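Data block below; observations after.
There are 2 protein chains.
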Amino acid sequence: MEQQDPETTPVRTIRVELGARAYDILIGPGLIGTAGLEIALRLKGRRMAIVSDENVAPLYLAPLVESLTAQGIEATPVILPAGEKTKSFEHLVPVVESIIGARIERNDAVIALGGGVIGDLAGFAAGIVRRGSRFIQIPTSLLAQVDSSVGGKTGINSPQGKNLVGVFHQPDLVLADTAALDSLTPREFRAGYAEVAKYGLIDRPEFFAWLEAHWREIFSGGEARIEAIAASCAAKAEVVVADERENGRRALLNLGHTFGHALEAATQYDSARLVHGEGVSIGMVLAHRFSARMNLAGIEEAERVERHLRAVGLPTRIAEIPGPALSAERLMEAIAQDKKVKSGQLTFILTHGIGRAFIADDVPGSEVLSFLTEQLRAGDAPGA
Amino acid sequence: MEQQDPETTPVRTIRVELGARAYDILIGPGLIGTAGLEIALRLKGRRMAIVSDENVAPLYLAPLVESLTAQGIEATPVILPAGEKTKSFEHLVPVVESIIGARIERNDAVIALGGGVIGDLAGFAAGIVRRGSRFIQIPTSLLAQVDSSVGGKTGINSPQGKNLVGVFHQPDLVLADTAALDSLTPREFRAGYAEVAKYGLIDRPEFFAWLEAHWREIFSGGEARIEAIAASCAAKAEVVVADERENGRRALLNLGHTFGHALEAATQYDSARLVHGEGVSIGMVLAHRFSARMNLAGIEEAERVERHLRAVGLPTRIAEIPGPALSAERLMEAIAQDKKVKSGQLTFILTHGIGRAFIADDVPGSEVLSFLTEQLRAGDAPGA
Numbered sequence: 004m005e006q007q008d009p010e011t012t013p014v015r016t017i018r019v020e021l022g023a024r025a026y027d028i029l030i031g032p033g034l035i036g037t038a039g040l041e042i043a044l045r046l047k048g049r050r051m052a053i054v055s056d057e058n059v060a061p062l063y064l065a066p067l068v069e070s071l072t073a074q075g076i077e078a079t080p081v082i083l084p085a086g087e088k089t090k091s092f093e094h095l096v097p098v099v100e101s102i103i104g105a106r107i108e109r110n111d112a113v114i115a116l117g118g119g120v121i122g123d124l125a126g127f128a129a130g131i132v133r134r135g136s137r138f139i140q141i142p143t144s145l146l147a148q149v150d151s152s153v154g155g156k157t158g159i160n161s162p163q164g165k166n167l168v169g170v171f172h173q174p175d176l177v178l179a180d181t182a183a184l185d186s187l188t189p190r191e192f193r194a195g196y197a198e199v200a201k202y203g204l205i206d207r208p209e210f211f212a213w214l215e216a217h218w219r220e221i222f223s224g225g226e227a228r229i230e231a232i233a234a235s236c237a238a239k240a241e242v243v244v245a246d247e248r249e250n251g252r253r254a255l256l257n258l259g260h261t262f263g264h265a266l267e268a269a270t271q272y273d274s275a276r277l278v279h280g281e282g283v284s285i286g287m288v289l290a291h292r293f294s295a296r297m298n299l300a301g302i303e304e305a306e307r308v309e310r311h312l313r314a315v316g317l318p319t320r321i322a323e324i325p326g327p328a329l330s331a332e333r334l335m336e337a338i339a340q341d342k343k344v345k346s347g348q349l350t351f352i353l354t355h356g357i358g359r360a361f362i363a364d365d366v367p368g369s370e371v372l373s374f375l376t377e378q379l380r381a382g383d384a385p386g387a
Numbered sequence: 004m005e006q007q008d009p010e011t012t013p014v015r016t017i018r019v020e021l022g023a024r025a026y027d028i029l030i031g032p033g034l035i036g037t038a039g040l041e042i043a044l045r046l047k048g049r050r051m052a053i054v055s056d057e058n059v060a061p062l063y064l065a066p067l068v069e070s071l072t073a074q075g076i077e078a079t080p081v082i083l084p085a086g087e088k089t090k091s092f093e094h095l096v097p098v099v100e101s102i103i104g105a106r107i108e109r110n111d112a113v114i115a116l117g118g119g120v121i122g123d124l125a126g127f128a129a130g131i132v133r134r135g136s137r138f139i140q141i142p143t144s145l146l147a148q149v150d151s152s153v154g155g156k157t158g159i160n161s162p163q164g165k166n167l168v169g170v171f172h173q174p175d176l177v178l179a180d181t182a183a184l185d186s187l188t189p190r191e192f193r194a195g196y197a198e199v200a201k202y203g204l205i206d207r208p209e210f211f212a213w214l215e216a217h218w219r220e221i222f223s224g225g226e227a228r229i230e231a232i233a234a235s236c237a238a239k240a241e242v243v244v245a246d247e248r249e250n251g252r253r254a255l256l257n258l259g260h261t262f263g264h265a266l267e268a269a270t271q272y273d274s275a276r277l278v279h280g281e282g283v284s285i286g287m288v289l290a291h292r293f294s295a296r297m298n299l300a301g302i303e304e305a306e307r308v309e310r311h312l313r314a315v316g317l318p319t320r321i322a323e324i325p326g327p328a329l330s331a332e333r334l335m336e337a338i339a340q341d342k343k344v345k346s347g348q349l350t351f352i353l354t355h356g357i358g359r360a361f362i363a364d365d366v367p368g369s370e371v372l373s374f375l376t377e378q379l380r381a382g383d384a385p386g387a
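Taken in order, these protein sequences are the chains called A and B. Position one of the first sequence corresponds to residue 4 (the working numbering), numbered consecutively onward. Position one of the second sequence corresponds to residue 4 (the working numbering), numbered consecutively onward.
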């Protein structure tokens with residue numbers, strides 16, 4: 004793996020221009036070690052609660068606390084079990100009480116140190132303590148760095164579904180330490196990469212072409228990786244600035260997610276079978292294939308998408324999911340329960356081709372069901 | 004009591020001009036019976052969850068449901084125990100799950116039918132279901148009609164203090180049915196009146212003079228009552244529009260509240276001893292007396308405030324609170340724990356006289372302590 008030298012690799016800065024709530028995303032190796040300085044430059048508070056999990060804390064909590072202490076910032080760690088089950092009221096309530104107990108006031112902050120689960124939970128807690136406390140994201144997974152840490156969506160799951168409870172609460176600062184990605188497993192890295200590719204597929208065809216040419220460098224960890232993360236954050240920031248609360252265009256970020264969520268639900272969120280980014284990978288291929296079936300785009304576009312995702316090692320077909328076979332009916336049921344259902348009508352992100360995604364809010368359920376039945380009947384094998 | 008005829012008494016409308024989140028406050032007798040119509044005129048949703056409590060539901064749930072059903076709106080009631088203890092995570096979680104279970108989607112709404120506790124809890128639940136659902140306030144107490152239902156502050160209490168957890172979430176509509184006030188006890192009505200008087204004391208000296216002249220008509224329930232409620236809502240709306248998230252001027256609404264909260268905390272929120280509005284009444288007199296002591300205003304201003312609040316039957320002295328005597332030290336402790344403490348400094352709303360309140364963020368704790376000691380030593384008796 005190519006080594007990055009924190010002394011010479013420049014830190015990229017993406018500004019999210021949200022008026023009075025504008026904030027910086029810094030991207031580069033070694034940012035956990037310089038977090039105290041970056042925070043002290045921007046926030047007046049001298050008390051921070053650090054929310055992390057049992058996997059991430061042993062790796063990065065000590066250097067983060069040290070870097071805060073060096074700036075005179077008092078840090079209170081709140082460590083949770085790792086995993087999706089932590090995104091629940093059961094864990095939210097003690098986190099909220101720990102933050103209040105740490106006497107976090109208006110100028111102080113809550114720091115999320117971890118992946119998407121920790122960012123979503125800690126952001127929600129920050130959003131409701133004293134009707135909104137300052138919040139800093141230090142994402143340690145690729146998925147969190149390019150997607151969930153940017154844009155202010157926070158929340159937990161309810162027994163009825165994922166992310167059904169939460170608030171929009173923008174961070175005051177995002178520190179994406181790219182050196183932290185070296186501790187990810189290849190499977191975790193690939194899952195995050197699905198969201199990177201998504202930005203190309205939505206509206207940046209030239210970025211998708213660049214990914215096709217440079218993905219090996221991104222996976223090996225050099226400058227191209229930082230470049231890809233910065234481009235992803237910039238793409239997401241642009242959408243968030245245009246439509247912070249998802250009244251319109253922001254829904255494009257759900258490309259591949261309606262099918263993806265249905266696959267996650269149908270496999271009971273069992274990460275041994277499927278993780279979010281893998282569901283999105285299969286979902287994006289399905290969205291392109293479904294668009295081709297509806298005569299919205301050529302089938303060669305779907306094939307090109309599939310070729311690239313397969314090249315990086317992501318699953319692209321439902322049949323690749325290990326375990327009991329899934330039925331089209333079970334998937335349709337999960338789609339109907341998805342939160343993006345509007346007055347009974349199905350809303351999908353479809354596409355006219357790579358980089359030409361759009362919001363379709365009148366997709367007939369019957370078409371989706373026959374498409375899924377067809378995909379599953381065809382053996383759903385690559386090249387089928 | 005003067006009877007209001009819903010057929011002839013006009014409904015007042017106050018518009019809260021918050022841009023894309025602007026909303027109407029309607030004030031008048033009989034609005035619960037016409038709620039369905041008013042809601043159908045403004046919201047597209049056809050599913051509503053009604054959050055209420057065991058005291059209010061027997062009186063007003065049936066006519067509200069009937070009025071919604073007549074407009075084709077399906078209503079799901081969620082009934083909670085009455086009282087401040089309901090403002091907790093313990094009750095919030097099942098309310099959130101009931102709202103999700105009632106399949107409340109983006110265009111549907113959560114309705115709060117009750118006093119301040121129900122409005123704060125239901126508003127918080129609406130604010131976090133699907134990261135913000137539509138919300139309608141139908142306040143049934145005077146306090147809720149003139150204060151808590153307007154302005155978007157929602158929340159629950161934590162073991163460490165009141166209202167420490169919540170969000171800013173503006174309603175889409177407020178229906179203040181003034182006929183509902185006829186079911187309040189005189190003590191409840193008086194407690195709400197303290198907040199009405201507050202608007203005069205903050206920056207409307209002519210309104211305070213009008214209250215001195217007309218309070219008997221307001222208590223007896225005629226046109227003057229509607230007028231006073233409308234003027235209070237207009238005063239609050241103006242402050243909220245200028246400073247929605249309390250970064251500045253909105254703090255003026257806390258006039259009398261720092262002392263008031265301390266009194267509530269020191270009496271363990273025991274409503275047999277003190278309710279919120281009574282604490283605010285005593286607190287407003289203390290704020291005026293303290294301002295006089297600091298040579299900010301003449302003592303005759305404090306005496307005039309006290310005379311009026313005493314005339315309507317509100318307590319104005321600490322010694323009037325039944326039960327064990329309170330100490331200045333216990334009150335100071337409660338003040339220090341109050342959420343309005345900023346970096347150890349005491350923030351108070353002080354005044355240059357009636358209608359001339361201002362934010363003082365550098366009040367020395369030692370001055371407050373000797374003031375309270377003095378007030379308690381002087382026997383704290385009226386005219387002392």
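All residues carry an ideal CB built from backbone N, CA and C; glycine is no exception. Treat the numbers as computed from the prediction; the structure is a model and nothing was measured.
Item to check | Sequence-distant residues of the same chain with beta carbon closer than 6 Å to B:R276, five excluded per side | outcome: T270, I324, P325, G326
Handout entry: Bridge-paired residues (DSSP) for B:I53
Key = B:P80, B:I114
| Can you tell me whether DSSP reads A:S91 as helix, strand or coil? | coil
> How many angstroms separate the CA atom of A:I139 from the CA atom of A:G118?
Replying inline: 13 Å
Short Cβ contact (8 Å threshold) for A:I357 with A:F210: no
List, in chain order, every chain A residue whose beta-carbon is nearer than 7 Å to that of B:Q74.
Correct list: empty, because the minimum Cβ distance to chain A is about 17 Å.
Beta-bridge pairing of B:P142 - partner residues as DSSP gives them: B:G117
Exercise. In or out: B:Q163 buried (at least 16 other Cβ within 10 Å) or exposed?
Worked result: exposed
* **Partner residues on chain A for B:S235, Cβ-Cβ distance less than 8 Å** => Correct list: empty, because the minimum Cβ distance to chain A is about 22 Å.
Whose C-beta lies closer than 7 Å to the C-beta of A:K90 among residues of the same chain, with five residues either side of it excluded?
V120, D123, L124, I159, N160
Residues of the segment 167 to 180 of chain B whose Cβ lies closer than 8 Å to any Cβ of chain A, in chain order: L167, V168, G169, V170, F171
According to the Cβ coordinates, are B:M51 and B:L29 closer than 8 Å? no
### Query
What are the boundary residues of the alpha helix (DSSP H) that includes B:R219?
208 to 223
Check: Just to confirm, are B:I321 and B:L379 a CB contact at a threshold of 8 Å?
Finding: yes
request  = Could you confirm whether any beta carbon from chain B is found closer than 8 Å to the beta carbon of A:L239?
outcome  = The sequence given here places Lys at residue 239 of chain A; Leu does not occur at that position. It does not: the Cβ of A:K239 has no partner Cβ on chain B nearer than 8 Å.
**Item:** Nearest-angstrom Cα separation, counted from A:Y272 out to A:A147
**Value:** 18 Å
Separation of A:G155 from A:A331, as counted between CA atoms
34 Å
>> If you follow the alpha helix (DSSP H) that A:A60 is in, where does it begin and where does it stop?
In response: 60 to 72
Next on the checklist: Only counting the same chain, and skipping five residues up and downstream in sequence, which positions put a Cβ closer than 6 Å to that of B:A60?
Outcome noted: I82
Note to self: Buried or exposed, going by whether 16 or more other CB atoms sit within 10 Å of the CB of A:E377?
What the structure shows: exposed
*Contact check, A:L317 vs A:R193 under 8 Å by CB: the rounded distance?*
5 Å
For A:V19, which three-state DSSP category applies?
strand
Q) Checking contacts by CB at 8 Å: is B:R207 closer than that to chain A? A) no
Do we get a CB-CB distance below 8 Å when we pair B:I131 with the residues of chain A?
-> yes
**Message:** Can you give me the C-alpha to C-alpha distance between B:S346 and A:N110, rounded to a whole angstrom?
**Reply:** Residue placement at B:S346 is poorly supported in this model, since its pLDDT is 48, which falls under 50; the coordinates are not used for a value here.
Looking at C-alpha atoms only, which residue of A:T261, A:N298, A:H355, A:D185 is the closest neighbour of A:P3?
In this structure chain A extends from 4 to 387, so residue 3 of chain A is not present and cannot be described.
(Q) Short of 8 Å in beta carbon distance, which residues of its chain neighbour A:F361, apart from the five on each side in sequence? Order them along the chain. (A) L255, I352, L353, T354, H355
According to DSSP, is B:N257 part of a helix, a strand, or is it coil?
helix
* the segment 123 to 137 of chain B touching the segment 85 to 100 of chain A, judged by at least three CB pairs closer than 8 Å -> no
### Message
Give me, in chain order, the residues of the same chain whose beta-carbon lies closer than 6 Å to that of B:A295; leave out the 5 immediate sequence neighbours on both sides.
### Response
I302, A305
Rounded straight-line distance, which links the Cα of B:I102 to that of A:A105 | 32 Å
- Message: Quick check: the Cα distance between A:L34 and A:P80, rounded to an integer number of angstroms?
- Response: 19 Å
Boundaries of the alpha helix (DSSP H) in which B:G286 is found, first to last residue:
279 to 296
### Task
Would you mind giving the Cβ-Cβ distance between B:V98 and B:V68, rounded to the nearest angstrom? I have them listed as a contact below 8 Å.
Actually they do not touch by this definition, with Cβ atoms about 18 Å apart.
Go ahead and label B:S223 buried or exposed: buried means 16 or more other beta carbons lie within 10 angstroms of its beta carbon, across all protein chains shown. exposed
For chain B, check one thing: does any of its Cβ atoms lie closer than 8 Å to the Cβ of A:K342? Because the pLDDT at A:K342 is just 48, under 50, the model does not fix this residue reliably, and the value given afterwards should be weighed accordingly. At least one chain B Cβ lies under 8 Å of A:K342.
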